[in-house]
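Encoded as structure tokens, the structure appears first; notes follow it.
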Amino acid sequence: MFKINEDYLKLPGSYLFSTIGKKVNAFQDANPDKSLIRLGIGDVTQPLVPAIIDALHDAVSEMGRPDGFHGYAPDLGYEFLRSAMAQNDYQVRGCDIKADEIFISDGAKCDSGNIQEIFAKDSKIAVCDPVYPVYVDTNVMAGRTGTYDPATEKWSDVIYMPCTKETNFAPELPKETPDVIYLCFPNNPTGSTISKAELQTWVDYANKVGAVIIYDAAYEAYITEEDVPHTIYECEGARTCAIELRSFSKNAGFTGVRLGAAVVPKDIKSGDTTLHQLWARRHGTKYNGAPYIVQRAGEAVYSPDGKAQIKEQVGYYMNNAKVIYNGLKEAGYNVSGGVNAPYIWLETPTGMSSWEFFDYLLEKANVVGTPGSGFGPSGEGYFRLTAFGTYENTVAAINRIKNI
Ligand code: PLP
Numbered sequence: 001m002f003k004i005n006e007d008y009l010k011l012p013g014s015y016l017f018s019t020i021g022k023k024v025n026a027f028q029d030a031n032p033d034k035s036l037i038r039l040g041i042g043d044v045t046q047p048l049v050p051a052i053i054d055a056l057h058d059a060v061s062e063m064g065r066p067d068g069f070h071g072y073a074p075d076l077g078y079e080f081l082r083s084a085m086a087q088n089d090y091q092v093r094g095c096d097i098k099a100d101e102i103f104i105s106d107g108a109k110c111d112s113g114n115i116q117e118i119f120a121k122d123s124k125i126a127v128c129d130p131v132y133p134v135y136v137d138t139n140v141m142a143g144r145t146g147t148y149d150p151a152t153e154k155w156s157d158v159i160y161m162p163c164t165k166e167t168n169f170a171p172e173l174p175k176e177t178p179d180v181i182y183l184c185f186p187n188n189p190t191g192s193t194i195s196k197a198e199l200q201t202w203v204d205y206a207n208k209v210g211a212v213i214i215y216d217a218a219y220e221a222y223i224t225e226e227d228v229p230h231t232i233y234e235c236e237g238a239r240t241c242a243i244e245l246r247s248f249s250k251n252a253g254f255t256g257v258r259l260g261a262a263v264v265p266k267d268i269k270s271g272d273t274t275l276h277q278l279w280a281r282r283h284g285t286k287y288n289g290a291p292y293i294v295q296r297a298g299e300a301v302y303s304p305d306g307k308a309q310i311k312e313q314v315g316y317y318m319n320n321a322k323v324i325y326n327g328l329k330e331a332g333y334n335v336s337g338g339v340n341a342p343y344i345w346l347e348t349p350t351g352m353s354s355w356e357f358f359d360y361l362l363e364k365a366n367v368v369g370t371p372g373s374g375f376g377p378s379g380e381g382y383f384r385l386t387a388f389g390t391y392e393n394t395v396a397a398i399n400r401i402k403n404i
């Protein structure tokens with residue numbers, strides 16, 4: 001009889017958003033007359049901007065011509081997109097990242113889940129708590145996290161770095177030395193950021209202890225404040241310790257189109273082996289490339305029209321963030337995030353757990369959010385709302401919350 005990968009069985013419960021989905025469906029079935037407003041899942045709602053649609057149409061037409069047809073994409077991505085990213089995301093900021101250090105993928109979820117494969121099985125990972133669940137769950141699947149304690153909701157072999165009000169929603173350097181450190185700024189779920197000087201501390205620490213930072217920059221486009229770094233490569237020494245993950249989902253609305261990238265500088269080494277060489281091998285073996293038409297759409301994100309149009313779209317969501325942030329403050333909630341990120345993180349009223357507040361908001365305001373505890377034990381007592389709804393729904397949701 002075949003044997004399964006038993007590490008999969010260690011994963012507790014179902015994925016956060018499927019639990020939310022079940023609760024919401026049950027509520028809707030019992031209350032068919034109520035109209036729900038969903039500010040829970042981090043999915044975008046606005047259509048693709050014209051520059052991207054035009055690029056898609058052009059690429060589709062090209063694929064229908066004998067001289068324009070493209071088969072398998074190059075393993076690591078088309079040169080036109082890798083160069084556009086190297087130049088616009090890095091070189092204009094003075095960061096030394098070259099096109100051949102960028103690996104095009106179909107999104108940051110896959111990259112953030114797959115990247116752990118190139119590290120030893122006994123590597124110790126450190127994660128922020130609360131955290132985007134993919135980092136921990138994929139290490140569980142790989143058998144790297146030890147045993148799960150349902151009482152503390154923690155894995156025995158994972159280093160947790162609490163990010164709460166007490167730490168200004170930023171992690172502190174861990175006491176135990178990790179091999180791989182996952183950082184995500186602007187942060188999902190708390191919406192927090194750290195300054196360039198703070199990020200430099202992490203880079204210095206990683207270089208000192210010989211750790212690698214996986215820096216998830218999926219929300220980079222939402223940064224509005226001056227001192228917040230747009231990429232970890234703004235920090236000195238990041239080329240020897242940091243992999244950066246990029247996504248086109250939140251800056252350009254590609255959640256259903258699918259495009260992302262991992263930046264693996266050639267200077268990160270273990271002995272004579274570079275992580276670049278391992279990731280290239282992994283990518284070439286297990287991945288056959290993002291579609292040509294999608295990579296052309298990604299290129300359009302960096303055209304003058306594309307840049308202006310997506311900036312406006314991000315501005316639309318950030319205006320929603322302001323509506324949520326200010327509205328909740330007026331309603332008496334303690335709120336953070338929402339300034340450099342599309343996520344607003346609020347403290348649940350005294351005595352109410354994250355899931356109790358979820359039920360309360362669903363029943364009293366017919367608004368769906370995400371319980372903070374779903375992102376890790378230190379998320380208990382917090383709740384996440386997203387700015388990705390339409391403006392009209394966002395305003396309506398906040399009015400409903402104010403009127404409870
Ligand atoms: N990383 C973080 C922190 C996210 O919040 C998300 C999506 O919500 C992703 C990655 C996934 O991005 P993508 O759509 O590119 O797979």
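In terms of UniProt numbering, the sequence shown is residues 1 to 404.
The beta carbon of each residue, even a glycine, is placed where N, CA and C say it ideally should be.
Computed from a prediction, not measured in an experiment: that's the story for all the values here.
By DSSP's assignment, K269 forms a beta bridge with T274. Counting the other CB atoms within 10 Å of its CB gives E392 a total below 16, which places it among the exposed residues. Nearest neighbour of P133 by Cα position, chosen from V314, I159, P189, T274, turns out to be P189.
In the three-state reduction of the DSSP assignment, A300 falls in the helix class, which pools H, G and I.
For the stretch 49-94, the continuous alpha helix (DSSP H) assignments of 4+ residues that do not extend past its boundaries occur at 50-63, 79-85, in sequence order. Here the distance from the Cβ of A218 to the nearest heavy atom of ligand 1 is below 7 angstroms.
DSSP links Y160 through a beta bridge to V127.
Contact between the stretch 91-109 and the stretch 251-266 is present: three or more C-beta pairs spanning the two stretches fall below 8 angstroms. Annotation for G77: I104 place their beta carbon closer than 6 angstroms to its own, counting only its chain and skipping 5 residues before and after. Taking C-beta separations shorter than 8 angstroms and ignoring five residues to either side along the sequence, the partners of E117 in its chain run A142, R282, following chain order. Here the distance from the Cβ of Y182 to the nearest heavy atom of ligand 1 is not below 7 angstroms. By the CB criterion at 8 angstroms, V294 and V339 fall outside the cutoff. The beta carbon of T255 sits closer than 7 angstroms to at least one heavy atom of ligand 1.
Assigned with DSSP and collapsed to three states, K154 falls in strand. Between the stretch 169-179 and the stretch 138-155, the count of C-beta pairs closer than 8 angstroms stays below three; the two stretches do not touch. Each of A280, E363, V395, A396 was checked against the Cα of A26, and the nearest Cα belongs to E363.
In the DSSP assignment, F248 falls outside any alpha helix (DSSP H), carrying neither H nor E. Sixteen is the threshold: when 16 or more other Cβ atoms of the shown chains lie within 10 Å of the Cβ of D89, as they do, the residue is buried. In this structure, I232 sits away from I115, with a CB-CB distance that is not shorter than 8 angstroms.
Between V212 and G237, the C-beta spacing is not below 8 angstroms. Excluding sequence positions up to five before and after M63, its CB lies within less than 6 angstroms of the CB of F69, all in the same chain and listed in chain order. In the DSSP assignment, I401 falls within the alpha helix (DSSP H) that extends over 391-402. Taken atom to atom, the span from the alpha-carbon of A252 to that of V301 is near 7 angstroms. Contact check for T138 against G107 fails: the beta carbons are separated by 8 angstroms or more.
For T138, the enclosing alpha helix (DSSP H) covers residues 134-141. Setting aside the 5 residues that flank it on each side, D305 is surrounded in the same chain by A51, each with a C-beta closer than 7 angstroms to its C-beta; the list follows chain order. Between the stretch 309-319 and the stretch 354-361 there are fewer than three C-beta pairs closer than 8 angstroms, too few to call the two in contact.
Non-local beta-carbon contacts of L385 in its own chain, meaning distances under 6 angstroms to residues more than five positions away in sequence, involve L39, I324, I344, G369 in chain order. Here the distance from the Cβ of Y382 to the nearest heavy atom of ligand 1 is not below 7 angstroms.
Distance between I310 and I53, taken at the CA atoms: about 12 angstroms. Under the 10 Å beta carbon count, E220 is surrounded by 16 or more other beta carbons and is classified as buried.
The C-beta distance from Y205 to L245 rounds to 20 angstroms, too long to fall under 8 angstroms, and the pair is not in contact. Of the candidates A86, R93, S61, A280, the residue whose Cα lies closest to the Cα of A99 is A86. With a 10 Å radius around the Cβ and a threshold of 16 neighbouring Cβ atoms, R296 comes out buried. Comparing C-alpha distances from A308 to each of D43, V49, L9, L11 shows the shortest one belongs to V49.
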